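Engineer: The sequence shown maps to residues 31 to 411 in the numbering used here. Beta carbons are placed, not taken as given, at the ideal position from N, Cα and C, and that holds for glycine. Model, not experiment: these values are computed from the prediction.
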Amino acid sequence: MEELIAIIGAGIGGLTLAARLEREKIPYRVYEKAPVLGEVGAGLGLWSNAVLCLEKVGVDGDFWSRSGCEVFRAEMANAEGKILSSCDVRPVAEKVGASSFVVHRADLHGAIYGQINPESVVTGKKLSGMEEKENGVLLRFSDGSTASASMVVGADGLRSQVRAQTFGDEPPRYSGQTCYRGIARLNIEERHALREIQGRGLRAAVIPLDDERVYWWTTENVTEGGRREPRKEKDYLLSNFADWAFGVPEAIEATDAEAILRNDLYDRPPLPTWSKGRVTLLGDAAHPTTPNLGQGACMAIEDGFVLGGLLGEKFDAEAFSEYESLRKDRCEAIVKESRRFGWIGGWENPAAVKIREFLLATTPETFVRKSMEKHIAPQGG
Ligand SMILES: Cc1cc2nc3c(=O)[nH]c(=O)nc-3n(C[C@H](O)[C@H](O)[C@H](O)COP(=O)(O)OP(=O)(O)OC[C@H]3O[C@@H](n4cnc5c(N)ncnc54)[C@H](O)[C@@H]3O)c2cc1C
Numbered sequence: 031m032e033e034l035i036a037i038i039g040a041g042i043g044g045l046t047l048a049a050r051l052e053r054e055k056i057p058y059r060v061y062e063k064a065p066v067l068g069e070v071g072a073g074l075g076l077w078s079n080a081v082l083c084l085e086k087v088g089v090d091g092d093f094w095s096r097s098g099c100e101v102f103r104a105e106m107a108n109a110e111g112k113i114l115s116s117c118d119v120r121p122v123a124e125k126v127g128a129s130s131f132v133v134h135r136a137d138l139h140g141a142i143y144g145q146i147n148p149e150s151v152v153t154g155k156k157l158s159g160m161e162e163k164e165n166g167v168l169l170r171f172s173d174g175s176t177a178s179a180s181m182v183v184g185a186d187g188l189r190s191q192v193r194a195q196t197f198g199d200e201p202p203r204y205s206g207q208t209c210y211r212g213i214a215r216l217n218i219e220e221r222h223a224l225r226e227i228q229g230r231g232l233r234a235a236v237i238p239l240d241d242e243r244v245y246w247w248t249t250e251n252v253t254e255g256g257r258r259e260p261r262k263e264k265d266y267l268l269s270n271f272a273d274w275a276f277g278v279p280e281a282i283e284a285t286d287a288e289a290i291l292r293n294d295l296y297d298r299p300p301l302p303t304w305s306k307g308r309v310t311l312l313g314d315a316a317h318p319t320t321p322n323l324g325q326g327a328c329m330a331i332e333d334g335f336v337l338g339g340l341l342g343e344k345f346d347a348e349a350f351s352e353y354e355s356l357r358k359d360r361c362e363a364i365v366k367e368s369r370r371f372g373w374i375g376g377w378e379n380p381a382a383v384k385i386r387e388f389l390l391a392t393t394p395e396t397f398v399r400k401s402m403e404k405h406i407a408p409q410g411g
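Okay, here's the thing in C-alpha cells:
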C-alpha cells in the first residue's frame, strides 16, 4: 500500500485539501474523472471565511485584486427595483481578516491548482470501487486500473461514488427549484453589491466580475429535470424576467444562449457520520447544500483546509474524527438554513411576498450583520 492520502475529485474542495497537504508536506494524490482538469460554471461568491483559508494556502492578494470583485454590501431587493435591505459586510471582513469576493469559478480553480504539484493530479480516473485492506485502501477505476492509499478522502461532489460505496447510494434531495446561470459581457456601473432580487416564485442576481463581465443567476420553482434547446431556454428566461430591475433582462440578453447553464438544486439530509475506517468525505460529497447562502464551495474549502491541517498533525484516521467534530455541526446548520432561505425566497403567494418584503425592510442592519457573521466567521485549523 502506498503511504499517501488519495483524494477523489479535483474540484474546489479536493484541490484545497491538496494545497494544504502540500504545505504540510504530507504525501497525497488526487484522482479526477474528467479527462482534463478545469471547472465549468459561471461566477462564485466566496465569503471571508473561505478567502481566509485560501490565502493561508497561498492564493494571495494578487489573485483577489486581479480576478475578484470585492463585496462591500449584501442586499435584498424586489423585482420592481426597491432595495429592501442593505448590509455593509466590511466590518465583518475586518474582524475576520479577509474580504469577500465574487470570482469566476475557472479562475479560482486555476489559482488553487497553482498551489499544488501538478504531478500529484491524475486525470481520466473515475473511481468505480474501493476495498479496505488491513493496511490501506485499494481503489478501482473505471478504466480497469487500480491504485492504493493509506487513507481516502471523497471530494467527488453531490453524487459522490466514495459516499455511495461507504454509506449507500441514496439519491440527493431535490429542493423544488432550478437555477439558470451565465456570464454576460456587460458593464454595470454599480460594483461591490451582492444583491438578491426576489419576485413571486422567482429570484435573480446580476453581479459584476470586472469592468466587462457580469455573472447572473435566476431561480424558479419547477419539477425536477428537463431542459429546452438553448435558444428556447433563453427566450423563456427573457419572458420570465422581462420587466425586472437591476439589469436582469439585459444580462440574460447579453449572454450566449449556448452558454447558459441550468442546474436543479439539491441537498442531502445529514449523515450520522462522514467517516468509516480509512475513508472520509469532504465538501458536497459530505454535506451538499442548496446555494442560497453562497456557502457550498466555502464549506468545501474550509473542510479541505481544516482536514489538511489535522492530517499534518497526525497521519492516521484519528484525524478524521477530529475533523468531523470540528466541521459537522457547522456544515449541517448551513444546509438547513440555506434550504429554509430558498423556500422563503420561492414564495409565490402575493400576501406572503408582501410579508416577506415587510420583514426584510424592517429588520435592522445590525441584526442582519450578526446573522451573517455567524456564517462568515472563520473556523480554525
Ligand atoms: C447554481 C449553483 C450556484 C452556486 N453558487 C455558489 C456560490 O456562490 N458560493 C459557494 O460557496 N458555493 C456555491 N455553490 C456550491 C458549490 O458549487 C459547491 O458546493 C462546490 O462546487 C463543492 O465543491 P466540491 O469540491 O465538494 O465538489 P465539486 O465541485 O462537485 O467537485 C467534485 C469533483 O469530483 C470529480 N468526480 C466526481 N465523481 C468522481 C469519481 N467517481 N472519480 C473521480 N472524480 C470524480 C468531479 O469531476 C469534480 O471535479 C453553487 C452551486 C450551484 C449548483
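1) Taking 8 Å as the threshold (C-beta atoms), are Leu323 and Phe371 in contact?
2) Hey, how far is the Cα of Gly246 from the Cα of Asp265?
3) Per DSSP, Ile35 is paired with what?
4) Measuring CA to CA, which of Thr396, Ala349, Asp333 and Val383 is closest to Leu84?
5) So, helix, strand or coil for Gln207, using DSSP?
6) Would you kindly check if the distance between the Cβ of Ala128 and the Cβ of Val81 is under 8 Å?
7) Tell me the start and end of each unbroken beta strand (DSSP E) in the region 278–361 that is at least 3 residues and wholly inside, in chain order.
8) Identify whether Lys163 lies in helix, strand or coil by the three-state DSSP scheme.
9) By the DSSP assignment, the alpha helix (DSSP H) with Ser269 in it spans what residues?
10) With DSSP collapsed to three states, give me the class of Asn79.
11) Would you give the residue range spanned by the beta strand (DSSP E) that Ala234 belongs to?
12) Is Val70 closer than 8 Å to Ser150 when the C-beta atoms are compared?
13) Thinking just about the alpha-carbon of each residue, which of Leu267, Val89, His405 and Arg257 is nearest to the one in Thr248?
14) Would you kindly work out how many angstroms separate the C-alpha atoms of Ala2 and Lys125, rounded to a whole number?
15) Is Arg298 near ligand 1, going by C-beta to nearest heavy atom under 7 Å?
16) Quick one: does the C-beta of Pro321 sit closer than 7 Å to a heavy atom of ligand 1?
17) Whose C-alpha, out of Val101, Leu337 and Lys86, is nearest the C-alpha of Val122?
18) When you compare only the Cα positions, how much space is there between Pro394 and Ser269?
19) Have a look at Ala363, Lys163, Gly44 and Pro148 and flag the residue whose alpha-carbon is nearest the alpha-carbon of Asp297.
20) On a CA-only basis, which of Val132, Ser115 and Ala72 is nearest Arg27? Give me that one, please.
21) Can you list, in chain order, the stretches of the alpha helix (DSSP H) that have 4 or more residues and sit fully within the region 99–140?
22) What residue range does the beta strand (DSSP E) around Trp377 cover?
23) Helix, strand or coil, according to DSSP, for Ile218 in the structure here?
24) Taking only three categories from DSSP, how would you classify Glu254?
25) Which residues in the same chain as Lys163 place their Cβ atom closer than 7 Å to its Cβ, once the five residues preceding and following it in sequence are excluded?
26) Taking the alpha carbon of Gly313 as the point to measure from, which residue in Ile35, Leu45 and Ala36 has its own alpha carbon closest?
27) Starting from Val244, follow its DSSP beta bridges and name the residues at the other end.
28) Just to confirm my understanding: we take Ser205, look at its own chain, exclude 5 residues before and 5 after, and list those with CB closer than 7 Å. What are they?
29) For Ala141, collect the residues of the same chain with a Cβ closer than 6 Å to its Cβ; drop the 5 residues on either side in sequence, then sort them by chain order.
30) Buried or exposed: which applies to Leu390, given that a residue is buried once 16 or more other Cβ atoms fall within 10 Å of its Cβ?
31) Report yes if the C-beta of Ile42 is less than 7 Å from at least one heavy atom of ligand 1; otherwise report no.
32) Please determine, among Ala234, Pro408 and Leu34, the residue with the shortest C-alpha to C-alpha distance to Gly376.
33) Out of Thr303, Arg308, Gly307 and Val309, state which residue places its alpha-carbon closest to the alpha-carbon of Gln317.
34) Could you tell me if the beta carbon of Gln325 falls within a distance shorter than 7 Å of some heavy atom in ligand 1?
35) Below 6 Å CB to CB, which residues in the same chain sit around Glu352 once its five sequence neighbours on both sides are set aside?
36) Should Pro380 go down as buried or exposed, given a rule of 16 or more other Cβ atoms within 10 Å for buried?
Structural biologist: On the basis of the supplied data:
1) Counting from 1 along the sequence shown, the entry for residue 371 is found at position 341. Counting from 1 along the sequence shown, the entry for residue 323 is found at position 293. Yes, they are a contact pair.
2) For the purposes of this step, residue 246 is identified with residue 216 of the sequence shown, where counting begins at 1. For the purposes of this step, residue 265 is identified with residue 235 of the sequence shown, where counting begins at 1. Note that residue 246 corresponds to Trp in the displayed sequence, not to Gly. Looking at the two C-alpha atoms, the distance is approximately 16 Å.
3) Within the sequence shown, the letter at position 5 stands for residue 35. BP columns for Ile35 point to Tyr58 and Met181.
4) As a first step, residue 84 must be located in the sequence shown, where it is residue number 54. For Leu84, the nearest C-alpha among the options comes from Asp333.
5) Against the sequence shown, residue 207 aligns to sequence position 177. In this structure, Gln207 counts as strand in the three-state DSSP scheme.
6) Position 51 of the sequence shown, counted from the first residue, corresponds to residue 81. Position 98 of the sequence shown, counted from the first residue, corresponds to residue 128. Yes, they are a contact pair.
7) 291–297 and 309–311
8) Numbered from its first residue, the sequence shown carries residue 163 at position 133. Reduced to three states, the DSSP call for Lys163 is strand.
9) For this step, residue 269 is matched to residue 239 along the sequence shown. Its alpha helix (DSSP H) spans residues Pro260 to Asn270.
10) On the sequence shown, residue 79 is found 49 positions in, with the first residue counted as 1. Three-state DSSP puts Asn79 in a helix.
11) As a working note, residue 234 is residue 204 in the sequence shown. It spans Leu232 to Pro238 - the beta strand (DSSP E) in which Ala234 sits, taken as one unbroken run.
12) Taking the first residue of the sequence shown as position 1, residue 150 is located at position 120. Taking the first residue of the sequence shown as position 1, residue 70 is located at position 40. No, these two residues do not count as a Cβ contact at 8 Å.
13) Numbered from 1 along the sequence shown, position 218 holds the residue referred to as residue 248. Comparing Cα positions, the closest option is Leu267.
14) Not covered by the structure: residue 2. The range shown for the chain is 31 to 411.
15) One-based indexing of the sequence shown puts residue 298 at position 268. No.
16) Position 291 of the sequence shown, counted from the first residue, corresponds to residue 321. Yes - ligand 1 has a heavy atom lying nearer than 7 Å to the Cβ of Pro321.
17) Taking the first residue of the sequence shown as 1, we reach residue 122 at position 92. The shortest C-alpha separation from Val122 is found at Val101.
18) As a working note, residue 394 is residue 364 in the sequence shown. As a working note, residue 269 is residue 239 in the sequence shown. For Pro394 and Ser269, the distance between alpha carbons rounds to 35 Å.
19) Numbered from its first residue, the sequence shown carries residue 297 at position 267. The shortest C-alpha separation from Asp297 is found at Ala363.
20) Here the chain comprises residues numbered 31 to 411, so residue 27 is not present and cannot be evaluated.
21) 120–126
22) Along the sequence shown, one-based indexing puts residue 377 at 347. Here Trp377 belongs to no beta strand (DSSP E), and DSSP marks it neither H nor E.
23) To locate residue 218, count along the sequence shown from 1; it is residue 188. Three-state DSSP puts Ile218 in coil, outside helix and strand.
24) Counted from its first residue, the sequence shown places residue 254 at position 224. If DSSP states are grouped into helix, strand and coil, Glu254 belongs with coil.
25) The count along the sequence shown starts at 1 and reaches residue 163 at position 133. So the qualifying residues of the chain are Met31.
26) Residue 313 sits at position 283 when you count from the first residue of the sequence shown. Among Ile35, Leu45 and Ala36, the Cα nearest to that of Gly313 is on Leu45.
27) Position 214 of the sequence shown holds residue 244. In DSSP, Val244 forms a bridge with Ala214 and Pro238.
28) The residue you call residue 205 lines up with position 175 of the sequence shown. Around Ser205: Leu295, Tyr296, Asp297, Thr320, Arg369 and Gly372.
29) Position 111 of the sequence shown, counting from 1, holds the residue named residue 141. Taken in chain order, the residues that qualify are Val89 and Phe93.
30) As a working mapping, residue 390 is identified with position 360 in the sequence shown. Per the 10 Å Cβ criterion, buried.
31) In the sequence shown, counting from the first residue as 1, residue 42 sits at position 12. Because some heavy atom of ligand 1 lies under 7 Å away, the Cβ of Ile42 counts as near it: yes.
32) As a first step, residue 376 must be located in the sequence shown, where it is residue number 346. It is Ala234 whose Cα lies nearest to the Cα of Gly376.
33) As a first step, residue 317 must be located in the sequence shown, where it is residue number 287. It should be pointed out that residue 317 corresponds to His in this sequence rather than to Gln. When only C-alpha atoms are compared, the closest one is Thr303.
34) Position 295 of the sequence shown holds residue 325. For ligand 1, at least one heavy atom lies less than 7 Å from the Cβ of Gln325.
35) For the purposes of this step, residue 352 is taken as the residue at position 322 of the sequence shown. Here the set comprises Leu340.
36) The residue labelled residue 380 in the question sits at position 350 within the sequence shown. Label assigned to Pro380: exposed.
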